[in-house]
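S.K.: Questions regarding the structure given below will be posed in turn.
Chains as they are written, first to last, in the working numbering: chain G, 16 to 337; chain S, 680 to 902.
Here it is, written out as structure tokens:
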């Protein structure tokens with residue numbers, strides 16, 4: 016007899032994308048709230064990011080004089096990239112979904128890189144000095160962050176024997192002790208440092224910083240407005256949630272995921288995901304409030320440290336110390 | 680094929696030993712005296728934690744004493760002596776670092792690689808107190824500790840390079856010979872205490888005399 020509450024695979028796949036799409040502003044709201052509380056402020060409402068997006072999408076789009084189609088297309092392509100990545104990673108389920116094997120974790124990284132490049136390109140297309148400097152900085156530092164991602168993926172790949180996110184998650188889940196494997200711990204630490212960098216949190220950048228000397232991500236979107244700015248902002252929030260999901264569900268705690276396609280199990284997995292990501296968000300907010308922002312030229316040292324930790328993880332594995 | 684997974688004790692101890700190594704690498708780039716001291720304290724805390732865990736899980740119980748002495752001497756006395764003798768706000772170590780961060784990272788990695796490979800090649804037998812991996816990590820720490828005074832030309836780095844070296848030797852001694860008589864451990868610690876005072880006085884005198892922490896001024900003493 017067919018069970019009525021079992022979802023079709025495509026429905027679960029869509030649920031993964033919709034979860035990231037719908038809950039990423041909530042995650043941003045939680046972090047902003049916790050951060051404010053830690054600073055002794057009351058802070059914005061949890062739904063403030065949703066209200067900001069509604070406001071931006073209700074405004075008109077303005078393009079600077081001389082901007083080409085890239086200015087308009089960039090945020091849309093970036094947003095599409097952020098919609099594809101949740102199909103490749105275990106957001107809600109332990110079992111792979113139809114598109115789960117169309118790309119490995121590096122493929123997901125490349126999609127995130129493409130999204131970042133498109134936003135930077137559309138910013139640079141405006142010829143605004145602020146947007147150009149932000150784009151230039153984002154690309155420069157982004158290129159330094161790539162080797163870290165490669166090393167982290169390589170380290171976890173050799174530990175788990177695969178570079179497919181679902182299979183990596185399965186390997187870690189099958190042997191919880193693997194989480195304590197020294198190479199894995201170092202890779203996870205390096206990836207956490209990378210997440211801090213990629214989401215533009217302190218010590219790299221203040222979340223909504225507009226100080227020109229340190230501004231990176233915010234600079235790229237200086238000329239965007241209305242729905243395009245809304246897409247960029249929403250995309251940034253999705254990217255944050257995607258990176259948190261990879262850190263949690265692939266590297267650190269791939270637990271609480273649905274092992275069947277039952278609606279109840281998938282619903283519980285959504286709640287578990289929100290709980291895990293909120294916890295990680297609290298940790299990030301604590302880090303955010305505990306450190307000073309690095310000077311721009313010190314960011315390379317931060318990235319070097321992350322790279323060193325990742326390479327150390329790999330070295331530890333290959334010489335058999337793990 | 681997936682890698683074999685170490686047990687919780689072996690994994691935890693190895694991660695803590697690697698933490699000591701990372702703290703030492705961070706000491707290579709510390710640009711303030713306070714940061715240098717803080718990273719040394721973290722390294723010493725991790726060492727005390729390893730000694731304590733090894734004492735609880737595998738013994739011998741002498742390791743409790745080693746953990747306690749580490750906490751008292753390395754985490755409390757050494758930082759206090761150094762920070763009391765010198766006002767860390769007056770000293771900027773940024774100019775004493777001879778290489779940029781990437782070059783230092785590569786040199787550190789080379790030292791670590793040599794440390795791991797050499798110990799792996801020698802196949803040194805270890806005691807049951809710590810996992811065998813710790814010997815390689817401790818040897819890598821010894822080599823990185825050498826880099827600190829070599830690559831940095833200030834008296835603080837000379838001193839803390841020596842202290843970090845001592846931490847590495849202590850870790851290796853637990854891994855290789857945890858049943859060293861307590862009196863030998865005590866001698867090692869007394870040695871460190873004397874070194875802390877001597878280095879502290881040297882730092883203070885040097886700083887007062889030249890108004891800088893840089894050892895490049897010491898070239899003036901050559902005959």
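Backbone N, C-alpha and C fix where the C-beta goes; we use that ideal spot for every residue, glycine too. All of these numbers come straight from a predicted model, not from anything done at the bench.
Starting from the Cα of residue 293 of chain G, find the closest Cα among G:213, G:123, G:61 and G:121 and give me that residue.
M.R.: Closest option to residue 293 of chain G, Cα to Cα, is G:61.
S.K.: Spatial neighbours of residue 337 of chain G within its chain, please: CB distance less than 6 Å, with the 5 preceding and 5 following residues excluded, ordered by chain position.
M.R.: With a pLDDT of only 47 at residue 337 of chain G, under 50, the local geometry of the prediction cannot be trusted, and no value is derived from it.
S.K.: Taking just the CA atoms, how far does residue 317 of chain G sit from residue 825 of chain S?
M.R.: Using only the alpha carbons, I get a separation of about 23 Å.
S.K.: Check whether chain G comes within 8 Å of residue 708 of chain S, counting only Cβ atoms and requiring the distance to be less than that.
M.R.: True, the Cβ-Cβ gap to chain G drops below 8 Å.
S.K.: Would you call the CB atoms of residue 284 of chain G and residue 296 of chain G closer than 8 Å?
M.R.: No, these two residues do not count as a Cβ contact at 8 Å.
S.K.: Helix, strand or coil, according to DSSP, for residue 324 of chain G in the structure here?
M.R.: Correct three-state label for residue 324 of chain G: helix.
S.K.: Based on the DSSP output, what are the partners of residue 776 of chain S in its beta bridges?
M.R.: S:831, per the DSSP bridge assignment.
S.K.: Below 8 Å, how does it come out for the region 144-162 of chain G and the region 244-258 of chain G: are there three or more Cβ pairs, yes or no?
M.R.: In short, these stretches do not touch, since the Cβ pair count stays below three.
S.K.: Straight-line CA distance for residue 694 of chain S to residue 846 of chain S?
M.R.: Approximately 16 Å between the Cα atoms of the pair.
S.K.: DSSP on residue 337 of chain G, reduced to helix/strand/coil?
M.R.: Any reading at residue 337 of chain G is ruled out, since the residue's pLDDT is 47, under 50, leaving its predicted position unreliable.
S.K.: Could one say the Cβ of residue 902 of chain S lies closer than 8 Å to chain G's Cβ atoms, at least one of them?
M.R.: Here the model assigns residue 902 of chain S a pLDDT of 48, short of 50, so the residue's position is not dependable and the matter cannot be decided.
S.K.: How about residue 698 of chain S and residue 725 of chain S: are their beta carbons less than 8 Å apart?
M.R.: Going by C-beta atoms, residue 698 of chain S is nearer than 8 Å to residue 725 of chain S.
S.K.: 8 Å is my cut-off, CB to CB: does residue 681 of chain S come that close to chain G?
M.R.: Low confidence applies here, because residue 681 of chain S scores a pLDDT of 49, under 50, leaving its location unreliable and the question unanswered by this model.
S.K.: Using a 10 Å radius around the Cβ and a threshold of 16 neighbouring Cβ atoms, would you call residue 870 of chain S buried or exposed?
M.R.: Counting Cβ neighbours within 10 Å, residue 870 of chain S comes out exposed, since fewer than 16 surround it.
S.K.: Mapping DSSP to helix, strand and coil, what is residue 711 of chain S?
M.R.: Reduced to three states, the DSSP call for residue 711 of chain S is strand.
S.K.: Hey, does residue 192 of chain G have any beta-carbon neighbour from chain S nearer than 8 Å?
M.R.: Closer than 8 Å to some Cβ of chain S, the Cβ of residue 192 of chain G qualifies, so yes.
S.K.: Look up residue 21 of chain G in the DSSP assignment and say whether it is helix, strand or coil.
M.R.: Residue 21 of chain G: strand per DSSP, three-state reduction.
S.K.: With a threshold of 8 Å between beta carbons, is residue 195 of chain G in contact with chain S?
M.R.: Interface residue, yes.
S.K.: Cβ closer than 8 Å: which chain G residues qualify as neighbours of residue 647 of chain S?
M.R.: Beyond the ends of chain S as shown, which are 680 and 902, falls residue 647 of chain S; an answer cannot be given.
S.K.: On the three-state DSSP scale, how would you describe residue 824 of chain S?
M.R.: In the structure shown, residue 824 of chain S sits in a helix (DSSP, three-state: H, G or I).
S.K.: On the three-state DSSP scale, how would you describe residue 80 of chain G?
M.R.: It is coil, neither helix nor strand.
S.K.: From residue 263 of chain G to residue 25 of chain G, what distance separates their C-alpha atoms?
M.R.: Each residue's alpha carbon lies about 23 Å from the other.
S.K.: For a test of the three-state rule: what should DSSP assign to residue 277 of chain G, helix, strand or coil?
M.R.: Looking at residue 277 of chain G - three-state DSSP - the assignment turns out to be strand.
S.K.: Among the candidates G:108, G:290 and G:36, whose CA atom is the shortest distance from the CA of residue 275 of chain G?
M.R.: Answer by Cα proximity: G:108.
S.K.: Give the interface partners of residue 319 of chain G over in chain S, defined as CB-CB distance under 7 Å, in chain order.
M.R.: In chain order: 780, 781 and 784.
S.K.: What does the alpha-carbon distance come out to for the pair residue 797 of chain S and residue 815 of chain S?
M.R.: So the alpha carbons of these two residues sit roughly 8 Å apart.
S.K.: I need the DSSP call for residue 109 of chain G, collapsed to helix, strand or coil.
M.R.: Three-state result, residue 109 of chain G: coil.
S.K.: May I ask which residues mark the beginning and end of the alpha helix (DSSP H) holding residue 170 of chain G?
M.R.: That run of the alpha helix (DSSP H) goes 144-175.
S.K.: Return yes when the Cβ of residue 112 of chain G is within less than 8 Å of the Cβ of residue 31 of chain G, no when it is not.
M.R.: Contact flag set, yes.
S.K.: Which residue comes first and which comes last in the alpha helix (DSSP H) that contains residue 214 of chain G?
M.R.: Note, residue 214 of chain G: premise wrong, no alpha helix (DSSP H); not H, not E.
S.K.: Of the choices S:811, S:812, S:878 and S:736, whose alpha-carbon is the least far from that of residue 836 of chain S?
M.R.: The shortest C-alpha separation from residue 836 of chain S is found at S:878.
S.K.: In chain order, what residues of the region 688-718 of chain S put their CB closer than 8 Å to some CB of chain G?
M.R.: Listed in sequence order: 690, 691, 693, 694, 697, 700, 701, 704, 705 and 708.
S.K.: Output yes if chain S places a C-beta closer than 8 Å to the C-beta of residue 316 of chain G; else output no.
M.R.: With 8 Å as the cut-off, residue 316 of chain G counts as an interface residue toward chain S.
S.K.: What residue ranges within the region 24-71 of chain G form continuous alpha helix (DSSP H) runs of no fewer than 4 residues, ordered along the chain?
M.R.: The region 24-71 of chain G contains these whole alpha helix (DSSP H) runs: 24-53.
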